[in-house]
Every structure is written in C-alpha cells, then in structure tokens.
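Protein chains in written order, with our numbering: chain X, 5 to 227; chain L, 1368 to 2003.
Think of the CB as a built atom: it goes at the ideal place given N, C-alpha and C, for glycine as much as any other residue.
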C-alpha cells in the first residue's frame, strides 16, 4: 500500500474520530439508557382494576419514614397522615403502610404458601387459628435513621402486623441494608369479615428508587 | 515461613545445572535500563531518573496474576491499602493519602468518573499492561490537581512483533472467571494492539458478621485498542478507543451498572533530534446507571464527561539538558444524582507548565518544574513547584526533592445536595479551598552485585484537606477543609538475586500522621506495613517455572471515630487488628508461549473475626488456576 493510501485512510479515521467526540460535549450514547420517568410513576393509588376478577394493583409512594399510607379496599382509595398525628387517621381504612411496615384496621393476616395471587381463590381453607392479629410495638416503626450507621434507630409506638410485614425483609445490620421480598401471597381478613389477597410485587419505582410499593390484590376474595 | 524458604532452597539444589538463570539476572539489569516517563513526563532511564520511581514490570504482573489493580499494588507496594466504603465502593489509602489525592493515569492520561474517592479501579485492566510506574509524593508541578500523595501510571503494551496474539483464562473460587484476548500487529507504518477482557465473580457470603455480610457479584467487560501510525521519521500519530462495562448485583431486583467510553488522538512531531512537539486530545465519559431487572429499565443517574487538549514541547540543549513546556485545557461536565434534581455542572480548567531536567555534572542531575492551574467554577488558581536533585556517589544514588501538590475541590464537593438514604443530607461547599501539600523527600539507593538497598524518608505538610463534617445549622453533613496535618514516613526496600534463579525482595513502609491537638485523626492509616516476595525462577529450552511465595503484613491501627454522625463533638478510639496474607504461586512455562499458573491465595487461612471495611474480604484459603497462550510464539 502506498503512503498516499495510508494518508487517506488516516485522514478519514482522524476526521471521524474528531467529529465523533467533539460534537458530543456532554457525552455519547444517551439512547442506550431509559428515561427516568414513566406514566406509572405518577399514578398512585388503586390502578388497573379488573372488575370481573376483582383484582388490581395498588401503587404507593411509601418512601417517607414519617407517614402512614392508608389503603381502603372497600372504596379503592388511599390516604396518608403523619406518624405523629395518629388521631388524624381516616374514618375508614383496611391496611396501613409505613415504608415497608404494615398493620391492619383490627384485621388478621395469614401468609400463604402460594406465590401466585391468582392461585389463592378463597380464605375458607385457612382456619381462624392461623390468622395473626396486630400487636403493639415500640421497636419496629422507624421514624429516625440518623443513627442507623451505628445500628440505632428512633421508633414510634404503634400497632404492627408482623406477618404482613414479612412481605419485605430489610436487614439493617449491614450498610447498605439488604432487601429480600418473600414473594408470598397474604390473605387479610378485615374487621367486617371480608377478605383480601395481596402480594408485594416490587418495592422500587421504574427508576429503581426504593420505597415505592407495587401491590397486587384481589378484593373481595371470597365471592 | 522458614519451611517454605527451606523448601525453595531444596528445590533449587535438585535443579539441573543446565538451566538458564542468566536470563533472570539480565532482566534485573534491564529493569534499571527501563525507560520511565511518569516522574519527568519525558523518557528517562530508570536508574538515572532524579525522581524515584517504582516499576512493576509485565513479568511481575504475570507472576502475581492479579485481576484487580488493588490486589497487585497491595502485594507489591507497602503502605497501600484498598478498603470498602459505602455500598462496597473501593477506596484507597496510600501512606496517609486517600484515593482522591493519588492520581491514576492510563498511558499518561487522566480518567473521568469517581466511585467514592477516586476512579473506578475496575477500569484498570491488567491484561496487556507493559508496566506500572509508581511515583510517591506530590507531583502537581507536572500533573496538576490530585497529584498530592503520588501518581500511578499504567502503561499499555505496544506490539513489538510483526504480529502477536494471546489468549488467557483463569478460574478461581466463588465462580471467579477471567478471560482475555489480545491481538497485535506491527507492520510498516502501522502498529495496532487490541485487547478484550471479561471477568465474572459470584456473590461471596462472608463467614462472620461485620460492616458488610457479603461481597456483591460483579462482572466486567473491558475493550481497548490503540493504533500508532508512523508516517515517517518525524511524525507519528496515535489513536485509541476503549469501552468498559461493569455490573454489580447489589440487589436481586436492581443492579448497579458502570460504563466508560474513552478515546484519544495524539500526534508527535520531531523537528530535529533536539526538538519535538506533542499535541493530544482525549475524551473520557464515565456513566453510572441502575438497571431495574423487573422492567429492564436502565436509568442513568451519573455522567462525567471530560474533553481535554494538551500541547507539550521538548527541547534538548547542551547534549543532556531537556526543557519541557506545555499546557492543557479541560472541559469537565458532571451530571449526578447527588446534585439537586439530578442536575449538572460544567467546569473548565487551564494550565501551563515548564520543567527543566539538566545533568550539571557527571554526578549531579537537577530537575526543576513550575505549573499554573486555574479552575473556572472553583475560581481557584494554584502555582505548583518542584525541585529535585540526584547525586551519584560511587554506587550510591542520593536523591533529594521538594514538590508541591494540590487538589482542587471537585464539582461534587462544591455542589452536592444529596439525601443519604433518609439518614442525613450531604451538602457541597462552593467556598472550599484547594487541598495542598508540601512534600520533602530524601532517598538513597545502593546497588552492588546481587543486592539492592533503598531507603527513603518523606515529610508532607498537608493543608486544607477536604472532608465532610456535621453542620449543626444545616442539620446535615457538609464538605469542609480540615485543619493542617503532617504526614511523614520511611520506605525501605531490600532485594537480592542469585545466579541460581533465587530472588527475594522485602519492602517496608512506616507512616506517621499528626494533626494539631484537639482535632480528631479519623484516618485509619496503618503505621507499619511490609511486603515480601521470594521466588525461584528457572528456565530450560522447552520448560521453565517460577515458584514464588509472597506476603503482606499490615499492622494494627487505632483511629478516632465519631461517636455519632450527627454530632462531631466526641470521638472514641477504634482499633483495627493487624494481619498478614500470603500467596504461593507456581508459573510454569510449557513449550514456547504457554504459561500455566496455579496459586494458593491466603495460604495460612486467615479469616477476620469481624469484617470491617478495611478487613481483607476473604473467607480463607482459595485456589486458582489459569493458562495464558501466546499463539504467535506457539506457531513460530
């Protein structure tokens, strides 16, 4: 190959290289990434309700440690209050969520062996004795993490359902904490005797930010 | 230890006298003749460099068989400790200087991005590396910001044969896999070297409790290519490109991803034998993203893009005096999840430098340098100086140097506004001053027959070191400048080599840190560290081997630790235990071009009782094996 050919190839290579990099002051290949926001991220509450199967999805922003989020399966509505304002609880609600903790409104919960919510069709196969009521707790509802690095937390006194809260295990003994979902379906018997089946499907939003819960549900369960 | 030493001697006694140990001795002599560039930015024979430089050769890299730069440096250089920080990001301590104060270069070029305190060390692929040059001490008069505690320059291989090809693979414990392929061509005007490396390791559940309970699974891909076109005796052009990808399984539902795209063009024109000009342009983009497994979303939340241009002119006069003048312009763009609303900031930096390296007499060499840096966002300017002397007194080389170092506050440190997992906020500080260091060093080396001795003492006065501290009015952490502190120490090195193929090396580092009374000393720099290596290397016509035992010792250290993150008023003493780790490896050279490596790492089964962030991440003794095939050698 002659020097002239070499020179031509080199010129093209160099020119391409210079153009490639210089035109991209703030970087290359934006297209390989996805957008941070999607429609789902802005739609909170009861979404994707299928009337025929009585099933749907609840999407909750539970990223705050200072709020209780109240879900009402009867009216398919959500509400929230500050943890400190326990007197301002809504008049009607079925379960409440604080970050990943859960409690019921005088209800009871059982963890099924099923990981498929469509496979749980009735609460009647479970006896009353295996349902678990809420307990009063002083060391579960974390409201201040500023001493977390030393394994110390500030807690709020509250009712707490230890079974339903198993839907996500957060191990804070190490930094960063580790997260593991049970993947199980939980059956909740409300105080009026109606039942719901719920399964935590995700605890992150579409951008991977933690504290956003996607919950599959069937309500009413026994019809 | 004694057992292994005796074993090596016994093996040596049974080896045939037909073996060729001369090759080994020659290599050691050649090492002193190695051309190094980092200390002076111009090619300089290692033995004649007025700036003390430690070189880790390709041969040593092959014998150590490390995948991660941290593993290699810790095994060879005392005073270097790689630890974990938040989210298992890797952080460095080099004799009292954190990673942000140690400048890492790839073929002399800066790297974009940071993990916590420095570049992403996983980018520093050790496959296809010609040598690594380590210069301890400040070097800002040549390299500007970050060269406070030292410079580590990774030099890639060039193709020296008409064609070359290498394929290598290594398997280790916990599903560790490493694959590498290199191909080179050197024909006429063209010299090209391409390399691909892939690594993969499974999650490692640690044996005991600690600051962390497992090591996340990790995989990397690393591509790089460098093309050198020699147009004629006067002009050569270099083009390079690289791509890096790393994925870390922090959670089952989401993975952390890291990517880098880099490229560069460089032209070198030699006007006469005395004058040459280098023009260079470099691009480096380092991205971080979170990959959400469920919906396959890959969301970028960090991007650091650096464009830089450099001019460097070297003029040699009076036979042995070299004047180097040059300057750089860099555009530094940073988009980060740690800024308000994932915002971005851009900064321009400008610098100009001049250096003269002159051999005044046959015994005395002097180097002096001056550099001015300006940072647009920090509105910071800095003049850095250096003066080094080397005097040859018989077989002893005496070196004495003063050098200034500085580190300008980064965009992150100036503009951070970050909610740390609802634990606390971290705020940047636009009024930060540059961290500076005045470095004084004195060294002597003595080489006679089979032995080398080297002793270095250094003293650093460090001002305005940048750190974070609790701010009561903000109710959060804020970047601040620390009180002045002093970092001093000693480095000693002894090595011996014998014609029978036996070689030993022992290096020791002592580090002393002092901060004025009443101020906490929170860095956990271990005062005493040592590395040791003994090897027996023999080579015949179609077979050779190198059996080596290497180890490192890190002393215990007691550091101040704040009793609370939200109150910096009280501290408590925290002691980290001492430990040593040993590795036995056997490299066998089969036929021509096939190297088989087997290694037992953590030979004496050390397991930390509690895994602190600075504990070795080991569960005990592990075995690894690998093969490297130089295909061109095999065919020839």
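In the three-state reduction of the DSSP assignment, residue 91 of chain X falls in the helix class. Chain-ordered, the chain L residues with CB closer than 8 Å to the CB of residue 29 of chain X read 1672, 1674, 1698 and 1700. Listed by position along chain L, the residues whose Cβ is nearer than 7 Å to that of residue 38 of chain X are 1664, 1665 and 1666. Using a Cβ-Cβ distance cut-off of 8 Å, the segment 1467 to 1485 of chain L and the segment 1650 to 1664 of chain L are in contact, since at least three pairs of beta carbons, one from each stretch, lie closer than that value. Counting along the chain, no alpha helix (DSSP H) covers residue 1476 of chain L, and no H or E run does either. In the DSSP assignment, the residues bridged to residue 1537 of chain L are L:1545 and L:1993. Think of a sphere of 7 Å around the beta carbon of residue 183 of chain X: the chain L residues whose beta carbon falls inside it are 1618, in chain order. The contact set of residue 1785 of chain L on chain X, defined by CB atoms closer than 8 Å, is empty, because the minimum CB distance reaches about 13 Å.
In this structure residue 1602 of chain L touches residue 1634 of chain L by the C-beta definition: roughly 7 Å separates them, less than 8 Å. Counted as a single uninterrupted DSSP element, the alpha helix (DSSP H) harbouring residue 1782 of chain L occupies residues 1778 to 1782. For residue 217 of chain X, no Cβ of chain L is located within less than 8 Å of the residue's own Cβ. Judged by DSSP secondary structure, residue 1430 of chain L falls within the alpha helix (DSSP H) whose first and last residues are 1425 to 1431. Look at residue 60 of chain X: its C-beta is not under 8 Å from any C-beta on chain L. Less than 8 Å divides the Cβ of residue 1894 of chain L from the Cβ of residue 1924 of chain L. DSSP lists L:1821 and L:1874 as the bridge partner or partners of residue 1860 of chain L. By the criterion of at least three beta-carbon pairs nearer than 8 Å, the segment 1438 to 1446 of chain L is in contact with the segment 1418 to 1427 of chain L. The beta-carbon distance between residue 1520 of chain L and residue 1405 of chain L, rounded to whole angstroms, is 4 Å. This is short enough to meet the 8 Å contact definition. Ranked by Cα distance from residue 1487 of chain L, the options L:1534, L:1927 and L:1436 are led by L:1436.
Annotation: the continuous alpha helix (DSSP H) that includes residue 1509 of chain L extends over 1507 to 1510.
Residue state for residue 1707 of chain L is assigned as helix, using DSSP reduced to three classes. In the DSSP assignment, residue 199 of chain X forms a beta bridge with X:193. Against chain X, a Cβ distance below 9 Å from residue 1590 of chain L picks out nothing, because the smallest value is about 14 Å. Take the alpha-carbon of residue 1827 of chain L and the one of residue 1873 of chain L: they are about 25 Å apart. A contact between stretches requires three or more CB pairs, one per stretch, nearer than 8 Å, and the segment 28 to 39 of chain X fails this requirement with the segment 182 to 200 of chain X. Its Cα nearest to that of residue 1664 of chain L, the residue X:210 stands out among X:181, X:69 and X:210. At a beta-carbon threshold of 8 Å, the residues of chain L lying near residue 69 of chain X are 1789, ordered along the chain.
Exclusion of the five residues before and after residue 1693 of chain L leaves 1677, 1678, 1679, 1680 and 1720 as the residues of its chain whose Cβ lies within less than 7 Å of its Cβ.
In this structure, the beta-carbon distance from residue 1742 of chain L to residue 1716 of chain L falls below 8 Å. Between residue 1855 of chain L and residue 1538 of chain L, the C-beta spacing is not below 8 Å. Residue 1661 of chain L is positioned such that its CB atom lies no closer than 8 Å to that of residue 30 of chain X. For residue 1945 of chain L, the closest of L:1926, L:1959, L:1922 and L:1565 by C-alpha to C-alpha distance is L:1922. Looking at the DSSP output, residue 1754 of chain L bridges to L:1735 and L:1769. Excluding residues up to 5 positions away in sequence, 1425, 1428, 1521, 1522, 1523 and 1524 lie with their Cβ nearer than 8 Å to the Cβ of residue 1496 of chain L in the same chain.
Given a length threshold of 3 residues, each whole run of the beta strand (DSSP E) inside the segment 127 to 167 of chain X is given here in chain order: 139 to 148 and 158 to 164. Residue range 112 to 115 is occupied by the beta strand (DSSP E) that includes residue 112 of chain X. Of the other Cβ atoms in all chains shown, fewer than 16 fall within 10 Å of the Cβ of residue 33 of chain X; this residue is therefore exposed.
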